[in-house]
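Asks:
Numbering (our numbering), first residue to last: 102 to 496.
1. CA-CA distance, residue 175 and residue 409?
2. Considering only residues of the same chain and omitting the five flanking positions on each side of residue 238, which have a CB-CB separation below 8 angstroms?
3. Just tell me which of 417, 339 and 234 has its CA closest to the CA of residue 394.
4. Please classify residue 425: does DSSP put it in a helix, a strand, or coil?
5. Between residue 170 and residue 213, how many whole angstroms is the CB-CB distance? I'm expecting something under 8 angstroms.
6. Along the alpha helix (DSSP H) that carries residue 347, what are the first and last residues, could you check?
7. Sort 423, 441, 111 and 122 by Cα distance to residue 189 and report the nearest one.
8. Is the segment 336–344 close to the segment 370–379, with three or more CB pairs under 8 angstroms?
9. Which class does residue 169 belong to by DSSP, given the choice of helix, strand or coil?
10. When the Cα of residue 194 is compared with those of 206, 168 and 216, which residue comes out closest?
11. Any heavy atom of the ligand FMN closer than 8 angstroms to the beta-carbon of residue 166?
12. For residue 361, does the three-state DSSP call read helix, strand or coil?
13. Taking DSSP as the reference, what is the three-state secondary structure of residue 478?
14. Take every Cβ of the segment 151–158, pair it with every Cβ of the segment 243–260, and state whether three or more of those distances are shorter than 8 angstroms.
15. Output the boundary residues of the beta strand (DSSP E) element that contains residue 198.
16. Return the CA-CA distance between residue 126 and residue 162, expressed in angstroms with no decimal places.
17. By DSSP, does residue 146 sit in helix, in strand, or in coil?
18. Use the C-beta contact count for residue 111: other C-beta atoms within 10 angstroms, 16 or more gives buried, fewer gives exposed.
19. When you compare only the Cα positions, how much space is there between residue 285 and residue 269?
20. Could you compute how far the alpha carbon of residue 442 sits from the alpha carbon of residue 267?
21. Look at the alpha carbon of residue 252 and the alpha carbon of residue 485, and state the distance between them as a whole number of angstroms.
22. Between the beta-carbon of residue 407 and the beta-carbon of residue 349, is there less than 9 angstroms?
23. Kindly list the residues whose CB is nearer than 8 angstroms to the CB of residue 216, restricted to its own chain and excluding five residues on each side of it in sequence; keep chain order.
24. Could you spell out where the alpha helix (DSSP H) holding residue 412 opens and where it closes?
25. Among all the DSSP beta bridges, which residues are the ones paired with residue 395?
26. Quick one: which unbroken alpha helix (DSSP H) runs of 4-plus residues sit fully inside the segment 226–300? Chain order, please.
27. Which residues in the same chain as residue 118 place their Cβ atom closer than 6 angstroms to its Cβ, once the five residues preceding and following it in sequence are excluded?
28. Could you spell out the range, first to last residue, of the alpha helix (DSSP H) harbouring residue 118?
29. Go ahead and pull the three-state DSSP assignment for residue 207.
30. What separation, rounded to the nearest whole angstrom, lies between the Cα atoms of residue 438 and residue 263?
31. With distance defined between alpha-carbon atoms, name the residue in 361, 426 and 339 nearest to residue 383.
32. Tell me which residues share the same chain as residue 191 and place their Cβ nearer than 6 angstroms to its Cβ, disregarding the 5 neighbours each side in the sequence.
33. Go ahead and label residue 261 buried or exposed: buried means 16 or more other beta carbons lie within 10 angstroms of its beta carbon, across all protein chains shown.
34. Do residue 218 and residue 280 have their beta-carbon atoms positioned less than 9 angstroms apart in this structure?
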C-alpha cells in the first residue's frame with residue numbers, strides 16, 4: 102500500500118491540486134492523504150472556506166483521507182509549517198511526501214536543504230543580516246556562498262522554498278519517507294494570470310467578487326460544494342468581518358503578551374504595539390509595520406497570531422496528535438496503517454480528546470478557539486463549538 106501524503110491548504114481545492122494527485126498516483130501511489138490547514142492560513146488570513154467544505158472538496162478531488170494541521174503550525178513561517186506537516190505525514194505512515202515546486206527537481210531541492218542544515222549556515226546568516234538585509238536575502242547570499250548561484254536561485258520560488266523546508270524537516274526528523282515533486286501546475290502562488298490551472302488566490306478573488314470561479318474547479322461536485330457554502334453565508338470568510346475585534350484585541354495586549362508572540366526579532370513586538378495604537382484598519386496596520394526586512398505574509402501571520410492568542414511556545418515542538426477530518430473508501434486503509442504505527446494519538450471521535458495529556462489538550466483548545474473565531478469571519482456569523490460537534494466526513 103504505497104501511501105503518498107500532500108501537505109496543503111486547499112483554499113480552495115482546484116485543478117492544479119487534482120493534477121498533482123494524478124501525477125502521484127501515476128508514480129505508483131495507491132493511496133493519497135492530505136495534511137491540511139484548518140481555519141486559518143499560512144498567508145495570515147482566514148480560510149475562505151471552512152475546513153469541512155475544503156475536506157469535502159479534497160475527497161471529491163481524489164484524496165483518500167484528510168488530517169488537520171493544528172493552527173499553531175498552520176499559521177507559522179515555512180520552516181515551522183513544514184516541520185508540523187512532515188511530522189503528521191510520518192504519523193500517517195507516509196512512504197512519500199509529494200508537493201509541487203517551480204523547479205520540479207527533487208535532488209536539487211534536497212541538496213539546498215542539506216546546505217541549509219550545515220553548521221556554518223547560522224553564522225553566515227547572522228553575518229549577512231547585520232548589514233540590514235532581510236532573512237530571505239541573507240539566506241540566499243549564504244546559500245550562494247556555500248553552494249553557488251544555481252542553488253541560490255532556487256530560493257526565488259515560494260514553492261521551491263516550501264519544498265526545501267519539507268526536505269529539511271524530513272532530514273531533521275530522521276524520517277525514512279521519500280520526496281516526490283513535480284513542476285507546479287498553473288500560475289504562480291499569487292498570480293492573476295490566465296492559466297489552465299488558475300491559482301487559489303485567483304479563484305478566491307473571483308469568489309469574493311462574484312466572478313467566474315466555477316470553471317476553475319475540477320468538477321460539478323466541487324462547484325456544488327462551494328456554491329452551497331456561499332448560499333449558506335459561510336463563504337467567503339475574511340478577517341475584514343472582524344477587523345475592529347482584531348484591533349481591539351491587539352490594543353488590549355500587555356507588553357508581556359507581545360513578548361510571547363511567535364517569530365519575533367529585532368523588537369518587532371514593540372513596532373507592532375506602537376502601530377496598532379495608531380492604525381484604524383488592518384490595511385493601515387500592515388502598512389505601518391511594513392519594512393524591507395519583513396514580508397507582508399510574515400506581518401499578517403504576526404497580527405493573526407496575536408489575535409488568536411498564539412505564543413511562540415505553542416509551536417516549538419511537533420503536533421501532539423493526529424486529527425482526522427474526513428476520508429473516502431480507501432481512507433480506512435490509511436486509518437489502519439496510522440493506528441498500527443502508534444506514533445501519535447489518533448483523534449477520530451470527540452471523546453478521544455479526553456485521553457490526551459495536558460500539552461495536547463492545550464493544542465486542541467487553541468484549535469477550538471481558532472475555529473470559533475473563524476465562524477465570526479463568515480458573511481453570516483456562525484455559532485461556536487463546531488470543532489466539538491462536527492464528526493468525521495465520509496465520501
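Cβ coordinates follow ideal geometry from the N, Cα and C atoms, glycine included. Everything numeric in this text was worked out from a predicted model, so none of it was measured.
Replies: Straight from the coordinates:
1. 12 angstroms
2. 229
3. Per the C-alpha coordinates, the member of 417, 339 and 234 positioned closest to residue 394 is 234.
4. strand
5. Between residue 170 and residue 213 a beta carbon distance of about 23 angstroms is seen, past the 8 angstroms cut, so the two are scored as non-contacting.
6. 344–353
7. 423
8. no
9. strand
10. 168
11. Only the bare structure without any ligand can be found here, which leaves the ligand FMN out of the picture.
12. coil
13. coil
14. No, the segment 151–158 does not touch the segment 243–260.
15. Segment 197–202, the beta strand (DSSP E) holding residue 198.
16. 13 angstroms
17. coil
18. buried
19. Answer to the nearest angstrom: the Cα atoms are 20 angstroms apart.
20. 21 angstroms
21. 47 angstroms
22. no
23. 222, 244, 247, 248 and 252, listed in sequence order.
24. If you look at residue 412, you'll find it isn't in any alpha helix (DSSP H); DSSP assigns it neither H nor E.
25. According to DSSP, residue 395 shares a beta bridge with 392.
26. Counting only runs of 4+ residues, the alpha helix (DSSP H) found wholly inside the segment 226–300 occupies 236–248, 250–254 and 259–273, in chain order.
27. none
28. 116–127
29. helix
30. 27 angstroms
31. 339
32. 276
33. buried
34. no
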